[in-house]
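Quick note, the sequence shown lines up with residues -1 to 240 if you use my numbering.
Quick reminder that beta carbons are idealized off the backbone N, C-alpha and C, glycines included.
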Amino acid sequence: MTESEVRLIDEKGLRVDGRRPDELRPITFKIGVLENANGSAYIEQGKCKIIAAVYGPHEVHPRHLSMPHRAVLRCRYHMAPFSVPDRRKSPAPTRREIELSKVIREALEPIIFTELYPRTAIDIFIEVLQADGGTRCAGLTVASLALADAGIPLRGLVAACAAGKVDGKIVLDLNDVEDKEGEADLPVAYIPALNKILLLQMDGILSASEFKEAINLALEGCKRIHSLQVEALRNRYISMEG
């Protein structure tokens, strides 16, 4: 069998990593992992390992960049040189890192009560330690937890998850092989507290019915991840009180 004939879903309906089409990768959260950050969180989602740190609200430097009626949210998404086998050695951010920093910032900004902190900045740093597909969604999810850990008032937690098309079938939470070899990828970020989608992107081609199926599956994944976020926060503060 040639490489082009390798199937990503077998005759039993299972994917390359043994999951069912509607199954998330195993997810683990750790909150408050960095002593010197105002808030921090860590996620393992399958083979993905990502850490997020939040600093602020703090004074803006230089001051002319501050906003008189709200805080400025700044986000930096970065892939560690060792996060993937073929990582480039240049320290300069790639176009993808710049784009995802912007995408994540724009998805998180609506959940923060920035008007409570005029003339300040809130900085979010997202470091991908190991990548295996879905880092934009996992980065968004863990950044939301880091903001909560920092004690910054939020309208709710954001959970993000992708659905996609693999071997002609709609599946949830694509890994790296599925992302690269599949036909479509649909990342979604969702805030259950407001029942609002904050991010929706698509790479590839889906029919109208496939798009509807994919977005519904992605939203279901977001809701499951949100439940895990809430549980992780609850356990964090129970342990602090204990």
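Inter-residue Cα distance where the pair is residue i and residue j
i, j, result
"P66", "H59", "14 Å"
"T0", "I7", "Caution is warranted here: a pLDDT of 42 is assigned to T0, below 50, making its placement in the model unreliable, and no coordinate value can be reported."
"R61", "A119", "10 Å"
"P91", "G202", "25 Å"
"E57", "S205", "48 Å"
"S2", "V14", "Legend: pLDDT at S2 = 48, less than 50; position of this residue unreliable, value from coordinates given subsequently. The straight-line gap from Cα to Cα measures roughly 15 Å."
"E113", "R18", "44 Å"
"L12", "G219", "18 Å"
Closest residue to residue i among the options (Cα-Cα distance)
i, options, result
"L196", "S205, P185, E9 and C46", "P185"
"S81", "L204, K47, L22 and D165", "K47"
"I96", "L152, Y75 and V175", "Y75"
"D174", "L198, R153 and C135", "C135"
Residue interval of the beta strand (DSSP E) (run including residue i)
i, result
"D121", "T118 to Q128"
"L197", "K194 to L198"
"L170", "K167 to L170"
"D183", "A182 to I189"
"V164", "A157 to V164"
8 Å contact criterion, which residue i and residue j should meet: CB distance rounded
i, j, result
"L106", "A69", "Contact flag wrong, Cβ pair sits at about 12 Å."
"G30", "V52", "Actually they are not in contact, since the Cβ atoms of G30 and V52 sit about 11 Å apart, beyond 8 Å."
"R139", "I223", "Before going further, note that residue 139 is Thr rather than Arg in the sequence given. Confirmed, Cβ separation roughly 6 Å."
Host alpha helix (DSSP H) of residue i (start-end)
i, result
"D174", "D174 to E179"
"G137", "T133 to D147"
"A105", "R93 to L106"
Ordered list of beta strand (DSSP E) runs contained in the stretch 8 to 72, each at least 3 residues: Runs of the beta strand (DSSP E) inside the stretch 8 to 72: 25 to 29, 37 to 43 and 46 to 57.
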